[in-house]
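In what follows, a structure is listed as structure tokens, so that the remarks can point back to it.
4 protein chains.
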Amino acid sequence: MIIVLKPNTRNEDRQTLLEAISKRGLKPVEFAGTERSTIHVLGDVNESVAESMKSFECVENVLRILKPYKLASKEHQSQKTVVKVGDVSFGNGEFTIIAGPCSVESEAQVMESAHMLKKLGIKIMRASAFKPRTSPYDFQGMGIEGLKLLKKVREETGMLVETEIMDVRDVKIAAECVDILRVGARNMQNFDLLKELGKIDKPVILKRGMSATINEFIMAAEYILLHGNRRVILCERGIRTFETAYRNTLDLGAVAVLRTLTHLPIIVDPSHAAGKRDLVPPLCKAAAAVGADGLLVEAHPHPDQALSDGAQSLTPEQLAKLMEELRPLCIAVGRRLA
Amino acid sequence: MIIVLKPNTRNEDRQTLLEAISKRGLKPVEFAGTERSTIHVLGDVNESVAESMKSFECVENVLRILKPYKLASKEHQSQKTVVKVGDVSFGNGEFTIIAGPCSVESEAQVMESAHMLKKLGIKIMRASAFKPRTSPYDFQGMGIEGLKLLKKVREETGMLVETEIMDVRDVKIAAECVDILRVGARNMQNFDLLKELGKIDKPVILKRGMSATINEFIMAAEYILLHGNRRVILCERGIRTFETAYRNTLDLGAVAVLRTLTHLPIIVDPSHAAGKRDLVPPLCKAAAAVGADGLLVEAHPHPDQALSDGAQSLTPEQLAKLMEELRPLCIAVGRRLA
Amino acid sequence: MIIVLKPNTRNEDRQTLLEAISKRGLKPVEFAGTERSTIHVLGDVNESVAESMKSFECVENVLRILKPYKLASKEHQSQKTVVKVGDVSFGNGEFTIIAGPCSVESEAQVMESAHMLKKLGIKIMRASAFKPRTSPYDFQGMGIEGLKLLKKVREETGMLVETEIMDVRDVKIAAECVDILRVGARNMQNFDLLKELGKIDKPVILKRGMSATINEFIMAAEYILLHGNRRVILCERGIRTFETAYRNTLDLGAVAVLRTLTHLPIIVDPSHAAGKRDLVPPLCKAAAAVGADGLLVEAHPHPDQALSDGAQSLTPEQLAKLMEELRPLCIAVGRRLA
Amino acid sequence: MIIVLKPNTRNEDRQTLLEAISKRGLKPVEFAGTERSTIHVLGDVNESVAESMKSFECVENVLRILKPYKLASKEHQSQKTVVKVGDVSFGNGEFTIIAGPCSVESEAQVMESAHMLKKLGIKIMRASAFKPRTSPYDFQGMGIEGLKLLKKVREETGMLVETEIMDVRDVKIAAECVDILRVGARNMQNFDLLKELGKIDKPVILKRGMSATINEFIMAAEYILLHGNRRVILCERGIRTFETAYRNTLDLGAVAVLRTLTHLPIIVDPSHAAGKRDLVPPLCKAAAAVGADGLLVEAHPHPDQALSDGAQSLTPEQLAKLMEELRPLCIAVGRRLA
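Chains as they are written, first to last, in numbering that gives the first Met the number 0: chain A, 0 to 337; chain B, 0 to 337; chain C, 0 to 337; chain D, 0 to 337.
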């Protein structure tokens, strides 16, 4: 951390600041520039300390030098983390597809979905039993009953299943019923939930919050890692901007940046960014080309009957065509479609 | 809801759509314009239905006409909601101040804070026992022990106390220890938490999410109202934009807009938007002038020793000066400082 | 400027960097921290140099310490700039109102507007002869003919007049016809225009760009100052965010921040942020309370006949009421309404 | 256009509104819904009219049904526009590369750049003679002299050259010296410049403004088309968001959306979005995969000596490697690298 002092700082104010730094067990080293004096602070500086330095009147600015995360950083671990689920992997060079309907709607619907996916060689099905809905008047998901249907799909079809978790009280049962738990964008900074997910033995897909910086995104992953679960998959799903022609702005630049900062696998959800199914296939291809480790994509056997997100769900035909198009593209970028 | 059809829509596609509308118990009325045909849909249209209409290929656009919230709207209730806590009120024409430290840090600290506030005529103290922190390495709050200290403050000083609630499992004990519960920006769409808060008999301050639209903000309040708790206070606290000169962009225009849409009281938290204490007083005054019902403002007896948010906490002197300045301003805009 | 080196930087790469710094006439001073080494660079560092440092592979980050503007900064000039126009001033403690229609539409319309304003004691009329319109199919303004009507208003009524300038080729004639020139949000970084405005002897109102940072805003003012014109008035007019309930997010926090950084006068345009006239009065009052030096507000004798921005123009009755309400408010915050 | 009336609108107010619509030569058709009445307005509705409708007190909302642009829309012209320059094309299924340094710095530098590009089979060189710089203290470009150097490059090497135009007064000479003119992000809504570019006989690359919606972007193109120049190429270059880990958020979703709305060719500039050269190659590949018609990418023979944008300029080695990687990728997505 480097502290920039205001010009004309009085000697006694500088002394008070230096003492405050020392009192926190850190070592201050002064440096006199031509127009500003600075203080380098050596030692383990967390955000609270950085913040508290700003509360001194003589401080003009506080510059952080080190990244605030550790376990998630490439400095901590240089080789990529590979998250294995069944015989599928994220982070080992494959381009791994998770697809399926937005919500669990009925036994018939999830079974039909599973068979649709299986036929296309897709091994992981997504489907949410718990639904975070903007309106309390909308379909809120099937809940625990939905989890049980997913468990049944898994037993009867051999598909791996992935679902969203919203409430700390449901973590235990969800971890029993499915193969991968997902934290939705709205819960990226639900820290109590992250802590609980740090204690289970299932992979967690962590979606980026609607307005989360890349830094905050990695810090949220750090919560899960620090509480003991190292199988975290990051998922870029679009950020909120001024543009209204689609639902969210898919931030593929974030994938490129994350690659330089962390060893965790990174996947992309283009469906919630697109909001309309015709925009989904080109974004899937862009995700593969930018270097993502896989996709989380909505597809429904009958989108116009879906209880949620029908407009952005691929039809079975579109999904089949997309898989066809992804195959040569993955080869061209040195990956294997899984 | 009005559905706009694509030009050159085939007759059979229009028929399929009309049937789908009828099957959902709604009544479609066709209208042939010069360049586009539209279908007016009569009946109770929720978001799921509107969404599902977009999944038909012949649909170009779906326009909502009615607001998606009911209980929170001025159409539902024209007179302002007044939330009474002890002998203080929100929404009755007073400009009510809630002030205090960011976190509960120790018994001495909260007691000293309470006395500081009492001396200035402030009747509600804020202080968080649970802290949502971006980094898992930062101070996470005193938790349940902190709640008990707040209870003690309340019993010993007569101050009303307000605190943040993050975890559904803590709602019950928090409701016993404090007078007002606060939902932080990161939890505005933590729907399970909102539902639990709908079942208690304490006022709830709901902060706007960092990137929540005004519409989503009111919808989050609707969750609490619908589950039975009518004592909801909205709190504008700044939104995330591209600007980095301060922490968040305080959206006082939102206060003006909310006033036209809802009967709920509206307060402003300028501290998290400012990020630096010198910016807080002018924003407090602007909040009073724009028509807010009160403030939620951070102040600490010793900001440079605060474990969180020290840089944006007012000093006791600044808080005293602010109260002095707010008094004539409130009179000038027809309010009474409380 | 402080350069942060990547960990494990090779000695020869550090040497190459040090030489590159010296070659640019700057003095590098090395500092070895515990986890990162840094290089302090002494001397006059502009943005190009800072940028070029980032192009070295061994550089992790480049931290700027000094503000990039000079003439506009409070360090350069500690007393506030007062811009005098006729017998009205900006920056001398008054709260100065500029009001009037969006566009010049006809002689009758501007004359009627001038009289409406005069009756309320308002001394400066706004009205645009040149109109930047999103669509080429919309009313593009009366152009030069409109400027001449403004000149006539000024001669016949004694009102001061203010208008927008968009094209470098119109600067000369506009400076002859009106008292204050305005740079609209879309032209804040039209650098050729700023340079020309630096050469004239008329005050310039510089509006903040729709997505301009406060830093870029001041830098745009610096262009005008550097080219010789010291009579620059900054105007906050709302920034573009995700919110669609109003037209732009009025950023009153920016006014508070600007106050700490620059000596230039700062006014607020609430009309373009509001987009609807009912939201304008509360935002005007908030602007006065936050410490602005004045307002730029749209008002029209017959808003429903306006050729542009009718929906956000105050009616004569609303403007009269607003002036009544601003008077005691200005007194309460220690200003005099002008 | 559909006008939504407020509930309980008085009959006389509705009559006044209906008359106002008729007076504008439009035909109103009333429709009584269950909770809101609406008025369909038939005829040619521009933005001014839509705006003016909002100024009536009884109007709750105004919904536009038709797109505000015509010439640029796929409804107006269903086949793709192909812009031919020399023997290169945009929009004919090729993936066309424009590369080169940010600025014209010297004869030696542009010549060396041209030869670097030629060796890689790239046929169009970018280089700016006029530079829009945030700071007046930074390198402002070589101006007219730079244009002449570009002309020389073109004559001596046979390369096609592309450069930025900022000032209406330079349009004529620039059109003589180079093959393609570029409108930078800051000038996307410099309408006087757009009108002038509508009158010349050279292709124009129009970059999306930093915070321009897709709708505004197409409307800016419409200005050029309407004034007579049909050779417009749209360029997505990143939008401004809250994220600071890169320079701008590259919006590849916008490319997918634009494809559904307009027949104009669309290219992508990943350099200004990335801000760091290591992020550029993955974004180039994503642009090819999402369906863009080409790239505008910064590359410099000696990036660490560049007078601007060195950090984001590809080295000759990086550019060569990128071209190698793009070749199979373009084949995989059915395009030919040009």
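The beta carbon of each residue, even a glycine, is placed where N, CA and C say it ideally should be. Since this is a predicted model, take the numbers as computed values, not measurements.
Can we count residue i as close to the ligand SAH, meaning its CB is less than 7 Å from some heavy atom?
i        : result
B/Pro269 : For the ligand SAH, the structure offers nothing, since it holds no ligand at all.
Compare the C-beta of residue i against all C-beta atoms of chain C and say whether one is closer than 8 Å.
i        : result
B/Val332 : yes
D/Glu297 : no
D/Arg335 : no
If you draw a straight line from the alpha carbon of residue i to that of residue j, how long is it in whole angstroms?
i        : j        : result
C/Ile164 : D/Gln14  : 40 Å
A/Val231 : A/Lys83  : 11 Å
C/Ser77  : B/Asp308 : 30 Å
A/Ala211 : C/Leu116 : 47 Å
C/Thr37  : C/Thr261 : 31 Å
C/Asp277 : C/Ala319 : 14 Å
B/Gly252 : B/Lys66  : 19 Å
B/Glu56  : C/Leu325 : 54 Å
Within a Cβ cutoff of 7 Å, which residues of the same chain sit near residue i, ignoring the five residues on either side of it in sequence?
i        : result
A/Asn45  : none
A/Phe190 : Tyr222
D/Val170 : Ile164, Glu195, Leu196, Ile199
D/Ala128 : Val103, Gly140, Met141, Gly142, Gly145, Leu146, Leu149, Thr162
C/Pro281 : none
Measure from the C-beta of residue i to each C-beta in chain B and report whether the shortest distance is under 8 Å.
i        : result
C/Val289 : yes
D/Arg35  : yes
A/Arg185 : yes
A/Pro6   : no
D/Leu257 : no
Excluding the five sequence neighbours on either side, which residues of its own chain have a C-beta within less than 6 Å of the C-beta of residue i, listed in chain order?
i        : result
D/Asp292 : Phe89, Gly90, Pro264, Ile265, Ile266
D/His299 : Pro100, Ala305, Ser312
Which same chain residues, not among the five before or five after residue i, have their C-beta less than 8 Å away from its C-beta?
i        : result
B/His114 : Thr156
D/Gly227 : Gly197, Lys198
Verify the CB distance criterion: does residue i have a CB-CB separation below 8 Å to chain D?
i        : result
C/Glu74  : no
B/His262 : no
C/Lys122 : no
C/Glu221 : yes
B/Phe30  : yes
C/Gly309 : yes
C/Ala174 : no
With a cut-off of 8 Å on the beta carbons, I'd call residue i and residue j a contact; round off their distance for me.
i        : j        : result
A/Ala337 : A/Thr95  : 5 Å
A/Ala273 : B/Lys53  : The pair is not a contact, with the Cβ atoms about 12 Å apart (cut-off 8 Å).
C/Leu149 : C/Val103 : 6 Å
B/Met256 : C/Tyr245 : This sequence places Val at residue 256 of chain B; Met is not what is there. Rounded, the Cβ-Cβ distance is 6 Å, consistent with contact.
Against chain A, does residue i count as a neighbour if the rule is that its beta carbon must be under 8 Å from one of theirs?
i        : result
C/Phe55  : no
B/Tyr245 : no
B/Val177 : no
C/Leu146 : no
Could you spell out the range, first to last residue, of the beta strand (DSSP E) harbouring residue i?
i        : result
D/Thr95  : 93-99
A/Cys329 : Not the beta strand (DSSP E): A/Cys329 falls in the alpha helix (DSSP H), residues 315-331.
D/His39  : 36-41
C/Ser88  : 87-89
Just to confirm the assignment, what range does the alpha helix (DSSP H) spanning residue i have?
i        : result
D/Phe190 : 190-196
D/Asn214 : 213-225
C/Leu17  : 10-22
A/Cys57  : Element bounds for A/Cys57: n/a, residue is neither H nor E.
A/Gly145 : 143-156
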